[in-house]
Structure formats: C-alpha cells, structure tokens
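Below: one structure, written as structure tokens.
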C-alpha cells in the first residue's frame with residue numbers, strides 16, 4: 683500500500699504562484715510515475731503533469747510553460763510549481779502514484795485563483 687498526503691493549495695490572485703507537494707509513504711520503492719490531475723466543477727478530470735522515476739515529464743496543454751513538475755525520490759515527494767495562475771486553473775488538484783498494477787490517489791487539495 684501507498685499513502686499520499688498533499689499540501690500547498692489555497693487562494694491566490696491571478697498571475698500569482700503556488701507550489702503543491704505530495705509525500706508518499708508505505709511501499710514507495712515500487713512507485714513508477716507520479717503526477718497531478720485536476721477537476722473543476724462541472725468539468726472532466728484532466729492531467730496536469732506527470733513525471734517518471736527517471737525524471738521524464740509530461741504536461742497538459744493548458745499548463746505548458748506555466749507549471750513545472752519535479753520529484754525528489756529521496757524524500758518520496760513530487761512537487762507542482764504553478765506560476766502565472768489563471769482563474770481557469772481553479773480546481774481540486776489530486777496527486778497520484780502509479781505502480782505496475784495499481785494507482786494510488788491523494789485526498790485532493792483545492793486551488794482557487796481569483797480574478
């Protein structure tokens with residue numbers, strides 16, 4: 683089993699920045715990809731960013747150039763640095779950690795961007 687605890691969400695004005703953190707515990711040695719999804723009210727869940735254990739990254743089109751994902755394997759932590767935030771970035775952001783046959787999810791953290 684893997685447990686994920688997120689932190690760093692909150693309220694920020696448009697143009698501002700936030701950094702989300704997600705700490706994994708438990709059977710962390712078997713984790714491959716980690717990343718973030720988000721879901722806004724009335725919208726489908728979408729991939730924000732992902733990162734492999736080796737550091738290869740992938741971003742959703744709407745956040746490219748503004749968000750950066752990075753990972754500290756020694757601390758079992760994945761981060762999402764969000765810059766130039768827009769009101770449309772408002773959503774619940776959920777961290778995930780993927781093993782070969784199972785994906786684990788955090789509880790989600792709210793990010794609200796005011797205009």
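In the working numbering, the protein residues as written are 683 to 797. Virtual Cβ for every residue (Gly too), placed ideally from N, Cα, C.
Tell me whether residue 771 sits in a helix, a strand or coil according to DSSP, three-state version.
-> helix
Bridge partners of residue 749, per DSSP?
-> 764
Per-residue DSSP class, three states only, for residue 711 | helix
Please classify residue 688: is it buried, with 16 or more other beta-carbons within 10 angstroms of its beta-carbon, or exposed?
-> By the neighbour-count rule (16 or more Cβ atoms within 10 Å), residue 688 is buried.
Starting from the Cα of residue 691, find the closest Cα among 786, 767, 783 and give me that residue.
-> 767
Verify whether the separation of the beta carbon atoms of residue 779 and residue 686 is less than 8 Å.
-> yes
By DSSP, does residue 743 sit in helix, in strand, or in coil?
-> If DSSP states are grouped into helix, strand and coil, residue 743 belongs with coil.
What are the boundary residues of the beta strand (DSSP E) that includes residue 720?
-> 716 to 721
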